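Everything in the sequence shown is counted per the numbering used here, starting at 502 for the first residue and increasing by one. Here's the structure, in structure tokens; my notes come after.
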Amino acid sequence: KQEELTTPLLWESKKLGFSDNQIARAKDKSPEEIREIRKKAGVLPSVKQIDTLAAEWPAVTNYLYLTYGGNQNDIQISPDQKGIIVLGAGPYRIGSSVEFDWGTVNMVWGLQENGEKNVSVVNCNPETVSTDYDICSRLYFEELTLERILDIAEFENPKGIITCVGGQTANNLTLGLAKHGANIMGTAANDVDRAEDRSKFSAELDKLHIQQPQWQAFSNVVEAKNFANDVGFPVIVRPSYVLSGAAMKVVWSQDELKKYVKEATDVSPDHPVVISKFMLNSLEVDVDGVSNGTDVIIGAIVEHIESAGVHSGDAMMCIPPWRLNNKTIETITEYSIKIAKTFNIKGPFNLQFLIHNDHVYVIELNIRASRSMPFVSKLVKTNLILLAAKAILGKPLPKLPENKWQKIHNFGIKVPQFSFMQLEGADITLGVEMQSTGEVACFGTSFYDALAKGLTSAGYTLPKTGTALVTVGGSQNKEKLLQPIARLKSLGFKIVATEHTAEFFEEKIGDIEVVHKISEPTRKPNIADLLYDRKIDFI
């Protein structure tokens, strides 16, 4: 901190792995100032090739990395090699996995099909192109940070950078890259920011007179508490620019609200946190599509099987929807086209809706490829990312049959997979923050055919006989379960239920055995004992 920032000190700090951000914090300067000082001093990384031949003889590869340990570049980019940089999604973790690798690779193919022969990919995860290592002109194994992408862009001097297929990680770099003069290909950075910033997005929906749950951006906890009191609990706390619903919570009390508001602010300190009314007993719907700014293609309307409140990465999904009426589908389509045009989308996008009492509410717009796009593209036999490549290059989109996704002759179901058995102490309750670590997709001649195949493929064993436990709150929910429970009983299942649930079902279908809640350990028979003894087959 005390030393003058000399050129030798800069070289030493960069060789030791210090980022511009870290140096800036130590010197009370901004990262931009450190970058300018470094560039003026000639402290720049070298581009090196990864030796794939163990130094037996010179290796000429398109595998590249940047280092401050070299004194010259292994390659040079000639003017005729000037191309496009595509950002990947980084390492695999919950919320970002092979679905974004699919998007990255298909974007490269799409660009090449449309005449762009020089395409570079930046990703620190070699798995992205593990089976197609020669797919792109150059592959940089580098971290997806603003500093490193700017270094690569200054070396390559590309036509532009594509950030819309690398999930939230790449998308979050859009605004920073644009501020440093990079050409963001596809949707403009300001339009991406209008969608990602919860407050700006909600304000735009109000201007369009498109319904959304009651909302407010807040600047202090008192405002947040007042809003929650006005609309009533539960409410949902939603930070901006986050992956997989990080720090997003459904809040049921004032004490919880204070805690989660702080968490959300810590996760996304540079952007406002929005609180919305959480609408119980709603359906959730996704729309995956592509726009070139003029024409909008709806890839599919995808219905979540679970009620709203389960993250889209954890929810089972169905194409075509099996509970939505025609009016609802028309409204969703109308809203999707209107929003895509308002936000000047040029590339892929994902919209999320709530359906409550037959009213359609918009809850989120992602101007990027979503994790459900591979599933949608497979089912409707239309590769949305190849279409997105055309849109990004400013080419017209093909005329597809209207509502092609509705004209398919089967059902597709996506079922998530979880690793709870491998994670001791894991909370198995699903919510607005993603927890799944895999997924399967199955097709069938009917909704139930596809669902059974999906559950079986995901590793769930569906018992043909045994004991089913039923415990549900509220008379409305009990009524909804009446028919399926009666059906299970007719198939020979023994039905056990908690006290009030048993009273309700015994009146309707008779012969229900009462079991007591885990929270009542002294009362027998107890659910905990039955679970421990493996005497329950269905819950």
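Beta carbons: idealized from backbone N, C-alpha and C, even for Gly. This structure is a prediction, so every number in the text was calculated from the model and none was measured.
- If you check the CB distance, residue 869 and residue 625 do not come in under 7 Å.
- Contact between residue 951 and residue 944 is confirmed by a C-beta separation of about 6 Å, below the 8 Å threshold.
- In the DSSP secondary-structure assignment, residue 718 is bridged to 775.
- Going by DSSP, residue 609 is part of the alpha helix (DSSP H) stretching over 599-614.
- For residue 677, the enclosing alpha helix (DSSP H) covers residues 675-680.
- No Cβ-Cβ contact shorter than 7 Å links residue 838 with residue 854.
- The three-state secondary structure of residue 808, taken from DSSP, is strand.
- Partner residues in the beta bridge of residue 857, as assigned by DSSP, are 860.
- In the DSSP assignment, residue 639 is bridged to 621.
- Between the alpha carbons of residue 933 and residue 805 lies a distance of about 13 Å.
- A check of alpha carbon separations from residue 873 across 887, 863 and 850 identifies 850 as the nearest.
- Between the beta-carbon of residue 751 and that of residue 735 there is about 5 Å, and that keeps the pair under the 8 Å contact cut.
- In this chain, the alpha helix (DSSP H) harbouring residue 657 covers 647-657.
- In the DSSP assignment, the residues bridged to residue 818 are 805 and 915.
- A distance below 6 Å between beta-carbons, with the five flanking residues on each side excluded, links residue 737 to the following residues of its chain, in chain order: 751, 777 and 779.
- Secondary structure note for residue 941: its beta strand (DSSP E) is the uninterrupted segment 939-945.
- In the DSSP assignment, residue 1033 falls within the alpha helix (DSSP H) that extends over 1028-1033.
- For residue 617 against residue 584, the beta-carbon gap comes to about 6 Å, under 8 Å, which counts as contact.
- Between residue 714 and residue 862, the CB-CB gap stays under 7 Å.
- Taking the C-beta atoms as reference points, residue 690 is found nearer than 7 Å to residue 676.
- Contact between the stretch 909-927 and the stretch 566-575 is not established, with fewer than three Cβ pairs separated by less than 8 Å.
- Residue 536 is classed as buried because its beta carbon has at least 16 other beta carbons within 10 Å across all chains shown.
- Cβ contact annotation for residue 1031 (same chain, cutoff 7 Å, sequence separation greater than five): 1016 and 1037, in chain order.
- Residue 1010 and residue 986 have their C-alpha atoms some 9 Å from each other.
- Its chain contains 544 as the residues whose beta carbon lies nearer than 6 Å to that of residue 512, once the 5 sequence neighbours on both sides are disregarded; these appear in chain order.
- Three or more Cβ pairs closer than 8 Å define a contact, and the stretch 896-914 falls short of that threshold against the stretch 583-598.
- Assigned with DSSP and collapsed to three states, residue 644 falls in coil, not helix or strand.
- Beta-bridge pairing by DSSP links residue 789 to 801 and 851.
- The beta carbon of residue 761 lies closer than 7 Å to those of 738, 750 and 752 in the same chain, with the five residues before and after it left out.
- DSSP, reduced to helix, strand and coil, places residue 666 outside both helices and strands of the structure shown, so it counts as coil.
- Counting only runs of at least 3 residues, the stretch 976-1030 fully encloses the following beta strand (DSSP E) elements, listed from N- to C-terminal order: 995-998.
- If you check the CB distance, residue 566 and residue 640 do not come in under 7 Å.
- If you look at residue 739, you'll find it in the beta strand (DSSP E) that goes 736-739.
- Looking at the backbone, the Cα of residue 800 and that of residue 886 are separated by about 10 Å.
- Secondary-structure assignment with DSSP links residue 865 through a beta bridge to 853.
- One alpha carbon belongs to residue 648, the other to residue 858, and they sit about 48 Å apart.
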